[in-house]
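Sequential numbering from 50 applies to the sequence shown in my numbering. Yeah, the Cβ is synthetic: ideal placement off N, Cα and C, and Gly gets one too. Written below as structure tokens is the structure these notes are about.
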Amino acid sequence: MRPDTKLFILSHPHNPTGNVWTEDELRTMGEICARHGVLVVSDEIHQDLVLNPARTHIPFASLGPEFARASITCTAPTHGEPWLEELLGYLRGNNEHFAKAVHSATSKLRVLPADALYLAWMDCRGLGMDAEALDRFMLIEARLWLDRGQKFGAEGHGYMRVNLGCPRSTVDEAIRRLADALAGLG
């Protein structure tokens with residue numbers, strides 16, 4: 050952390066990876082920020098979109114009064130309607146379906162496991178393409194408009210973000226297009 054850092058923005062659950070932070074991870078981040086007098090802005094807008102039943106969203110401010118005083122939470126609460134559980138099941142199914150299909154199509158791509166969100170984080174580094182070539186391949190050969198990983202920082206080079214918050218038929222069409230484009234690589 051730089052000495053002039055005043056604010057830490059916590060993406061919780063993380064976007065684009067879908068990671069749901071554990072209590073220990075949250076405490077560690079909060080303690081580091083507290084030691085340096087850094088305010089935490091916890092973006093918890095996707096808190097209702099936890100797909101992994103083994104993971105639970107823990108609000109940052111709920112870790113204790115010292116965490117609540119040193120943070121601002123951004124959220125859009127819902128009422129836990131039955132439709133939300135149906136949506137989560139559907140999104141979970143889309144995520145599993147897409148990951149299995151990509152795994153079956155090639156060993157050069159890998160869909161990382163996500164605890165939350167309707168977005169898949171796909172590791173494309175096995176294709177051996179630079180960022181521009183990968184973007185062109187997905188857009189022109191696969192005819193898929195995906196988010197470039199580097200949009201989320203330098204660590205995102207070689208990754209693509211795939212929106213799975215759509216009908217299963219759209220996911221199937223994306224899988225077909227991707228498989229056809231991969232077959233064209235030889």
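Could you spell out where the beta strand (DSSP E) holding residue i opens and where it closes?
i: residue 208; result: 208–212
i: residue 171; result: 168–172
i: residue 57; result: 56–60
i: residue 189; result: Taken as a continuous stretch (DSSP letters only), residue 189 belongs to no beta strand (DSSP E), as it is neither H nor E.
i: residue 121; result: 120–123
So, residue i versus residue j, is the Cβ gap smaller than 8 Å?
i: residue 5; j: residue 93; result: Coverage of the chain is limited to positions 50 through 235, which leaves residue 5 absent and any answer about it impossible.
i: residue 183; j: residue 140; result: no
i: residue 168; j: residue 211; result: yes
i: residue 89; j: residue 60; result: no
i: residue 69; j: residue 164; result: yes
i: residue 217; j: residue 144; result: no
i: residue 161; j: residue 66; result: yes
List the endpoints of the continuous alpha helix (DSSP H) containing residue i.
i: residue 224; result: 217–232
i: residue 184; result: 180–185
i: residue 83; result: 72–84
Note down, in chain order, each residue of its chain lying with its Cβ closer than 6 Å to the Cβ of residue i, except the 5 sequence neighbours on either side.
i: residue 199; result: 180, 205, 206
i: residue 85; result: 50
Can you tell me whether DSSP reads residue i as helix, strand or coil?
i: residue 153; result: helix
i: residue 94; result: coil
i: residue 140; result: helix
i: residue 165; result: strand
i: residue 133; result: helix
i: residue 112; result: helix
i: residue 88; result: strand
Using the rule of at least 16 other Cβ atoms within 10 Å of the residue's Cβ for burial, across every protein chain shown, is residue i buried or exposed?
i: residue 77; result: exposed
i: residue 91; result: buried
i: residue 62; result: buried
i: residue 229; result: exposed
i: residue 131; result: exposed
i: residue 259; result: For residue 259 there is no data in the structure shown, the boundaries of the chain being 50 and 235.
For residue i, I'd like the list of residues in its chain whose CB is within less than 7 Å of its CB, leaving aside the five on either flank, ordered along the chain.
i: residue 75; result: 107, 109, 112
i: residue 116; result: 79, 109, 110
i: residue 124; result: 93, 94, 96
If I measure Cβ to Cβ from residue i and keep anything under 8 Å in the same chain, skipping five residues before and after, which residues do I get?
i: residue 233; result: 190
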